[in-house]
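J.: This is the structure I have questions about; it appears just below.
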């Protein structure tokens with residue numbers, strides 16, 4: 001599903017974010033990518049959905065080499081990859097339903113299809129009764145659920161969550177992680193990028209540790225030890 005071969009990312013003039021990173025994530029896996037701030041884990045996440053391009057090396061998504069993907073093909077790639085960040089980035093003047101629908105509207109989806117999909121994904125994330133509320137009327141955990149719903153509208157094969165619980169308290173963190181596990185149970189490959197030791201250790205899933213831009217550990221049912 002995801003294969004990185006000797007990936008390096010160097011920012012001008014000589015800042016090395018990633019150095020010779022190689023990894024393989026199988027379809028349907030739940031993988032945590034961990035490391036302290038500034039280690040390169042967010043850079044790796046951005047490479048997976050082509051927000052950044054590698055300086056060298058090859059990234060394959062489902063056998064598709066995206067290392068030098070043309071700009072015209074990026075929308076196609078991103079319909080296969082759901083992405084969630086720590087920053088909610090919701091549109092404040094749109095309702096929950098409208099925020100989720102917007103992700104379909106910009107890709108040219110038919111209104112009838114949008115009317116079908118939006119309630120479905122809101123039910124999946126437990127917000128079926130919040131469609132007509134605005135972001136400021138929601139808790140932080142609920143706002144993050146809207147973001148997750150928005151990322152699910154294209155039924156992505158891969159779900160990348162970069163510090164999705166960074167702004168949340170313990171209870172909301174647990175609920176978001178439970179939701180990611182549920183998404184994984186649907187068969188979606190989930191890549192969780194985090195520095196939250198408690199979350200990673202409770203998951204008991206595969207853990208890839210990055211330190212100073214390099215993979216220093218890759219353990220099945222691992223723990224975050226750095």
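Residue numbers (full-length UniProt numbering): 1 to 226. We put the CB at the ideal spot given by N, CA and C, even for glycine.
Taking 6 Å as the limit between beta carbons, can you name the residues of its chain near residue 210, skipping five residues before and five after?
T.: Along the chain shown, one-based indexing puts residue 210 at 210. Correct list, in chain order: 35, 39, 40 and 41.
J.: Are the beta-carbon atoms of residue 10 and residue 43 separated by less than 8 Å?
T.: For the purposes of this step, residue 10 is taken as the residue at position 10 of the chain shown. For the purposes of this step, residue 43 is taken as the residue at position 43 of the chain shown. In this structure, residue 43 does not lie closer than 8 Å to residue 10 by Cβ.
J.: For residue 31 and residue 23, what's the separation of their Cα atoms in angstroms?
T.: Numbered from 1 along the chain shown, position 31 holds the residue referred to as residue 31. Numbered from 1 along the chain shown, position 23 holds the residue referred to as residue 23. Going by the C-alpha atoms only, they are around 11 Å apart.
J.: Could you have a look at residue 39 and say whether DSSP puts it in helix, strand or coil?
T.: As a first step, residue 39 must be located in the chain shown, where it is residue number 39. Residue state, collapsed to three classes: coil.
J.: Taking the runs of the alpha helix (DSSP H) that are 4 residues or longer, which of them lie wholly in the segment 41 to 94?
T.: For the segment 41 to 94, whole alpha helix (DSSP H) runs of length 4 or above, ordered along the chain, are 41 to 48 and 74 to 78.
J.: Put residue 109 into one of helix, strand or coil per three-state DSSP.
T.: By one-based count along the chain shown, residue 109 stands at place 109. Here residue 109 sits in coil by DSSP.
J.: Residue 6 lies in the alpha helix (DSSP H); which residues open and close that run?
T.: Along the chain shown, one-based indexing puts residue 6 at 6. From DSSP, residue 6 is part of no alpha helix (DSSP H) but of the beta strand (DSSP E) over 2 to 11.
J.: Is the beta carbon of residue 28 sitting closer than 8 Å to the one on residue 194?
T.: Position 28 of the chain shown, counted from the first residue, corresponds to residue 28. Position 194 of the chain shown, counted from the first residue, corresponds to residue 194. Not a contact, by the Cβ cut-off of 8 Å.
J.: Would you check if the distance between the CB atom of residue 180 and the CB atom of residue 192 is smaller than 8 Å?
T.: One-based indexing of the chain shown puts residue 180 at position 180. One-based indexing of the chain shown puts residue 192 at position 192. Cβ distance < 8 Å, so residue 180 and residue 192 count as in contact.
J.: Can you check which of these residues, 81, 202 and 115, is closest to residue 148 by C-alpha distance?
T.: For this step, residue 148 is matched to residue 148 along the chain shown. Of 81, 202 and 115, the residue nearest in Cα terms is 81.
J.: Return helix, strand or coil for residue 133, following the three-state DSSP convention.
T.: Stepping through the chain shown from its first residue, residue 133 is reached at position 133. Three-state DSSP puts residue 133 in coil, outside helix and strand.
J.: Hey, quick one: how far does the alpha helix (DSSP H) through residue 184 stretch, first residue to last?
T.: The residue labelled residue 184 in the question sits at position 184 within the chain shown. First-last of the alpha helix (DSSP H) with residue 184: 170 to 185.
J.: Around the C-beta of residue 49, are 16 or more other C-beta atoms found within 10 angstroms, so that it is buried, or is it exposed?
T.: What you label residue 49 is simply residue 49 of the chain shown in a count that begins at 1. Per the 10 Å Cβ criterion, buried.
J.: Tell me whether residue 145 is buried or exposed, calling it buried when 16 or more other Cβ atoms sit within 10 Å of its Cβ.
T.: Start at 1 with the first residue of the chain shown, and residue 145 comes out as number 145. Buried, since its Cβ has 16 or more Cβ neighbours within 10 Å.
J.: When we look at the beta-carbon of residue 171 and count the other beta-carbons within 10 Å, is it buried (16 or more) or exposed?
T.: For this step, residue 171 is matched to residue 171 along the chain shown. Under this definition residue 171 is an exposed residue.
J.: Please report how far the alpha carbon of residue 123 lies from the alpha carbon of residue 97, in whole angstroms.
T.: Start at 1 with the first residue of the chain shown, and residue 123 comes out as number 123. Start at 1 with the first residue of the chain shown, and residue 97 comes out as number 97. When rounded, the distance between both Cα atoms is 11 Å.
J.: Which partner residues of residue 23 appear in the DSSP bridge assignment?
T.: Along the chain shown, read from residue 1 onward, the residue named residue 23 stands at position 23. Answer is 4, bridged to residue 23.
J.: Locate the alpha helix (DSSP H) running through residue 145, then write down its first and last residues.
T.: Reading the chain shown from its first residue, position 145 is the one you call residue 145. Residue 145 -> alpha helix (DSSP H) spans 140 to 152.
J.: Could you tell me the boundaries of the beta strand (DSSP E) in which residue 155 lies?
T.: Residue 155 sits at position 155 when you count from the first residue of the chain shown. Segment: none, residue 155 is in no beta strand (DSSP E) and carries neither H nor E.
J.: Can you tell me whether residue 196 is buried or exposed, with buried defined as 16 or more other CB within 10 angstroms of its CB?
T.: Residue mapping note: residue 196 aligns to position 196 of the chain shown, counting from 1. Label assigned to residue 196: buried.
J.: Verify whether the separation of the beta carbon atoms of residue 130 and residue 99 is less than 8 Å.
T.: In the chain shown, residue 130 corresponds to position 130, counting from 1. In the chain shown, residue 99 corresponds to position 99, counting from 1. No, Cβ-Cβ distance for residue 130 and residue 99 is not below 8 Å.
J.: Could you check the C-alpha separation between residue 88 and residue 143 for me, to the nearest Å?
T.: Here residue 88 corresponds to residue number 88 of the chain shown, with the count starting at 1. Here residue 143 corresponds to residue number 143 of the chain shown, with the count starting at 1. About 7 Å.
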